[in-house]
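According to the working numbering, the sequence shown is numbered sequentially starting from 5. By construction, the Cβ of each residue, glycine as well, lies at the ideal position given by its N, Cα and C atoms.
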Amino acid sequence: MKLGTLYGISVGPGDPDLITLKALRILKQAPVVAFPTGVRGKPGLAQQIVAQWLENHQVQLPLTFPYVQDTAILTQAWQVAAEQVWNYLGLGQDVAFVCEGDVSFYSTFTYLAQKLQQLHPQSLIQTVPGVSSPMATASVLGLPLTIRDQRLVVLPALYNVEELEKVLDWADVVVLLKVSSVYQQVWQVLHRHQLLENAYVVERATLPEQVIYRNLCDRP
């Protein structure tokens, strides 16, 4: 029997209009659509983005990926998710795993695909690129992300602000993801480097509830 293909579908940062034509075509054709579950059982962002295109005949497959740092717990979750996906792939059914942003940019899909290949080396996997959050954020700010020979650094999470201190010594543009829990420390670092007037905070980029803060001098 021919195996199904696992597609990693990038659906962008939030605005459904930012999904690509290719991603939408594969999404509509897939008999099974998988997505990460949201916090406390609520629909996750990726699921919300594609909800308007899902049909009753498509199987919706929620996959649980805990929001923890424990490697053992995460590894177990990836294995369970991979086997859930394989149950359909092994029957010849394609599975479209939708992921916010771009599937190659700090994406849960990477861990799922790696675990699936480890457990079932014969697996067929393809990815469809999309709009990542830094690109979308630059767009809503009306600014280029980088120009000429500027050096760009992306920090996916800050557990130690000393890391940011070091980066600011040589980087021209710094993108920080998931900073809400360490915002006060980040603000202090930017203040010391006299960068508050050149810093921006964007929440929920491209979504109706999007909020933009420009010039952080008055937002300690």
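(1) Can you have a look at G96 and say buried or exposed, based on whether 16 or more other CB atoms are within 10 angstroms of its CB?
(2) From which residue to which residue does the alpha helix (DSSP H) around E207 run?
(3) Using the Cα positions of D153 and A175, report the straight-line distance between them to the nearest angstrom.
(4) Residues bridged to G96 by DSSP?
(5) Taking DSSP's pairing of strands, which residues face A38 in a bridge?
(6) Could you tell me whether the Cβ atoms of C103 and P47 are closer together than 9 Å?
(7) With C-beta atoms as the reference, is S127 less than 9 Å away from L220?
(8) Looking at L159: is its Cβ nearer than 9 Å to the Cβ of L145?
(9) Cα separation between V99 and V183?
(10) Please report the distance separating the alpha-carbon of T141 from that of M5.
(11) Leaving out five residues on either side along the sequence, give the residues of the same chain with a beta carbon under 6 Å from the beta carbon of E207.
(12) Where does the unbroken beta strand (DSSP E) through Q154 begin, and where does it stop?
(13) Which whole runs of the alpha helix (DSSP H) in the stretch 177-201 are 4 residues long or more, in chain order?
(14) Nearest by alpha-carbon distance to A161: which of R155, V177, Y187 and T150 is it?
(15) Would K119 be called buried (16 or more neighbouring beta carbons within 10 Å of its own) or exposed?
(16) In the DSSP output, what is V215 paired with across the bridge?
(17) Near W90, which residues of its chain fall below 8 Å by C-beta distance, leaving aside the five closest residues on each side in sequence?
(18) Would you grab the beta carbon distance between L10 and L93 for me? Rounded to a whole angstrom, and I think it's under 8 Å.
(19) What is the residue span of the beta strand (DSSP E) that Q130 lies within?
(20) In whole angstroms, what is the alpha-carbon distance linking V2 and A55?
(21) Could you round the C-beta distance between G105 and S14 to whole angstroms and report it? I think they count as a contact, below 8 Å.
Once the coordinates are examined:
(1) exposed
(2) Element bounds for E207: not the alpha helix (DSSP H) but the beta strand (DSSP E), Y204 to E207.
(3) 11 Å
(4) Beta-bridge pairing links G96 to no other residue.
(5) L65 and F101
(6) no
(7) no
(8) no
(9) 33 Å
(10) 44 Å
(11) V215
(12) Taken as a continuous stretch (DSSP letters only), Q154 belongs to no beta strand (DSSP E), as it is neither H nor E.
(13) 187-196
(14) Y187
(15) buried
(16) E207
(17) L120, L123, H124 and S127
(18) 6 Å
(19) L128 to V132
(20) The first residue shown for the chain is 5 and the last is 224, placing residue 2 beyond what the model contains.
(21) 7 Å
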